[in-house]
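In short: position in the sequence shown from 1, add 57, done, that's this note's numbering. Have a look at the structure below before the remarks.
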Amino acid sequence: MTLPAALTLALGALIGTTMTGGASAATSGGEAAEAYDLVVRNGHVIDPKNHVDAVRDVAIKDGKIAKVAERIDASAAKKTVDASGEYVTPGLIDLHAHLFPGPEDAYKNGWAGVAPDGFTFRSGVTTAVDTGSSGARSFDLFKKNVIDRSKTRVLAFLNIVGEGMAGGDYESDLGDMDPDMAAAKAKENPDTIVGIKTAHFTGPEWTAVENSVKAGEEADIPVMVDFGNNRPQRPLEQLLTEKLRPGDIYTHAYSGLRGELGKDGKLNPGMWKGRERGVLFDVGHGGGSFGWDVAIPAVEQGFLPDTISTDLHIDSMNSGMKDQSNVMSKMLTLRMPLKDVVNASTWASAKAIQRPELGNLSVGAPADLAVFTLEKGKFGFVDSFGWRVDGNRKLLAEVTVRAGKVVWDLNGQAAQKYTPAASRFTASTDEH
């Protein structure tokens, strides 16, 4: 029996669709649906770089963002996630963490650091920045043991101290703060070293800060400052208005340990002047650097952070800090708008480390994203000093995608639902 040519083509297309399990599925317009690797559907997308704050679908292919639209045909997608009633964000960037674990006692190759993959994905973090655990002499070991072995994208602020965070005596050693050596190591590793860090310095001199800035200038990267011990010889206002450059970062902004808040309850005028100058202010929660007695009045006076980060280490993660999504929830409790909380954990952090390809869902960007529920109820949020504030909203990471792959799936939203017919034991023996 001879069929008309048009009917023959239509029948062939239908058979092809059936045999490939929908890989050639036709859209309502007659065009073949794109065979995306993953489509996240019906989620409320917050993508600050692209000014998106609405329900959208997000399609991923070959490890990149392929499309963001009100509706994407997912009939040919290999995997879908229904994010109805949930929020979809770019993969979070934790701008301040300590990720150089090892057998020693400190943060450099030490017991205080944590392996990133165990503590990033479960809170929606896809990029974590180690801040100063390694210095120029220890960075190669850090890269070998952690950066090159992690699924998390691990970047680094290089400590101005050559040994890195190897303990108090090392971190205050003025003779081991060589800006040329730090800048040279940063130039050798432009893909991973995004800044210079000074931390925990106990002396009265400005050497740690000044040498960090020299290294930052030479390598054209920002400096992050943990200002160490509070010293009258190097006041906070002078740091923020004279020593740091626009784009440099002051972390632990709500610690209260270095005069961020005056005895009169007013924010240190140097904080405002530093912001006007272009210095960025980072939360850097940590185990001893976030106090409600500073954060609440600071935010009430209008001083919100530029970036939100954890200062993740083995103590902070088991105390008030916990993880990135918990710190973000604290900022929600302080009435920081959700879109601003997301921005401070994604696009603002990407810009701070000069990585504009990160922290956004632009077409062609790395396919790093997170899906969150915004839980409602009564939640207790504890600061670094044991004080609790109750809130009624809490972000919970449901799904995390890194480079197009689902790496965290709290409730199996990306998994195939089990049925006896789909059991692994019913597959042919040739597949095992």
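We put the CB at the ideal spot given by N, CA and C, even for glycine.
Distance between residue j and residue i (C-alpha atoms, nearest Å)
| i | j | result |
| --- | --- | --- |
| P303 | G335 | 4 Å |
| T367 | D235 | 28 Å |
| V464 | V171 | 18 Å |
| E333 | T298 | 9 Å |
| E347 | N375 | The amino acid at residue 347 is misidentified as Glu; the sequence shows Phe. Approximately 15 Å between the Cα atoms of the pair. |
| I250 | K242 | 8 Å |
| D425 | V112 | 18 Å |
| R147 | Q290 | According to the sequence shown, residue 147 is Pro rather than Arg. P147 and Q290: Cα-Cα distance of roughly 42 Å. |
| Q470 | V420 | 24 Å |
| Y311 | S195 | 30 Å |
| A256 | K320 | 25 Å |
| S132 | Y144 | 22 Å |
| A62 | G181 | Since pLDDT at A62 reaches only 43, below the 50 mark, its modelled position is unreliable, and no value is offered. |
| E274 | N449 | 44 Å |
| S190 | E88 | 53 Å |
| V446 | M393 | 15 Å |
| F284 | Q473 | 50 Å |
| G167 | F199 | 11 Å |
| P247 | P423 | 18 Å |
| L431 | A92 | 31 Å |
| P477 | T483 | 8 Å |
| G313 | D440 | 12 Å |
| A401 | K300 | 24 Å |
| F157 | N383 | 22 Å |
| W263 | D110 | 44 Å |
| E294 | V340 | 18 Å |
| N216 | A239 | 8 Å |
| T84 | K462 | Legend: pLDDT at T84 = 48, less than 50; position of this residue unreliable, no value from coordinates given. |
| H153 | V399 | 16 Å |
Residue i, buried or exposed, once every other Cβ within 10 Å from all chains shown has been counted against 16
| i | result |
| --- | --- |
| Y475 | exposed |
| R481 | exposed |
| K435 | exposed |
| A126 | exposed |
| E414 | exposed |
| E455 | buried |
| K244 | exposed |
| N417 | buried |
| S386 | buried |
| H342 | buried |
| L231 | exposed |
| H108 | exposed |
| G219 | buried |
| G331 | buried |
| K433 | exposed |
| A479 | exposed |
| E317 | buried |
Supposed contact pair residue j and residue i - C-beta distance, whole angstroms, cut 8 Å
| i | j | result |
| --- | --- | --- |
| K396 | I103 | 5 Å |
| M388 | I365 | 6 Å |
| G252 | P279 | 5 Å |
| D114 | V138 | Not quite, the Cβ-Cβ distance comes to about 10 Å (not below 8 Å), so this is no contact. |
| L149 | T183 | 7 Å |
| A140 | N99 | 6 Å |
| L296 | V270 | Actually they do not touch by this definition, with Cβ atoms about 11 Å apart. |
| G192 | S229 | Their Cβ separation, rounded to whole angstroms, is 13 Å, which puts G192 and S229 out of contact at 8 Å. |
| N410 | V186 | What sits at residue 410 in the sequence shown is Ile, not Asn. I410 to V186, Cβ: 6 Å. Contact. |
Boundaries (first-last residue) of the alpha helix (DSSP H) holding residue i
| i | result |
| --- | --- |
| A239 | 236-245 |
| I353 | 349-357 |
| P394 | Segment: none, P394 is in no alpha helix (DSSP H) and carries neither H nor E. |
| W329 | 326-334 |
| D151 | That residue, D151, is in no alpha helix (DSSP H); its beta strand (DSSP E) goes 149-154. |
| E161 | It is not in any alpha helix (DSSP H) - E161 instead sits in the beta strand (DSSP E) that spans 158-161. |
| T367 | Where T367 is concerned, there is no enclosing alpha helix (DSSP H), given that its DSSP letter is neither H nor E. |
| D440 | That residue, D440, is in no alpha helix (DSSP H); it is neither H nor E in DSSP. |
| V270 | 264-276 |
| A409 | 404-409 |
DSSP beta-bridge partners of residue i
| i | result |
| --- | --- |
| E299 | In DSSP, E299 forms no bridge with anything. |
| N383 | The partner list for N383 (beta bridge, DSSP) is empty, contrary to what the question assumes. |
| T188 | F214 |
| K451 | E432 |
| G100 | R113 |
| I250 | A213 |
| Y144 | H101, F429 |
| V458 | L426, V463 |
| Y307 | V282, F338 |
| G322 | Per DSSP, none; premise fails for G322. |
Residue range of the beta strand (DSSP E) that includes residue i
| i | result |
| --- | --- |
| D226 | No beta strand (DSSP E) holds D226; the alpha helix (DSSP H) holding it covers 225-228. |
| F214 | 210-216 |
| D110 | 109-118 |
| K124 | 121-126 |
| D139 | 137-139 |
| V280 | 280-282 |
| V464 | 462-466 |
Below-7 Å beta-carbon distance, residue i vs any chain B residue
| i | result |
| --- | --- |
| A424 | Among the protein chains of the structure shown there is no chain B, as only one such chain exists. |
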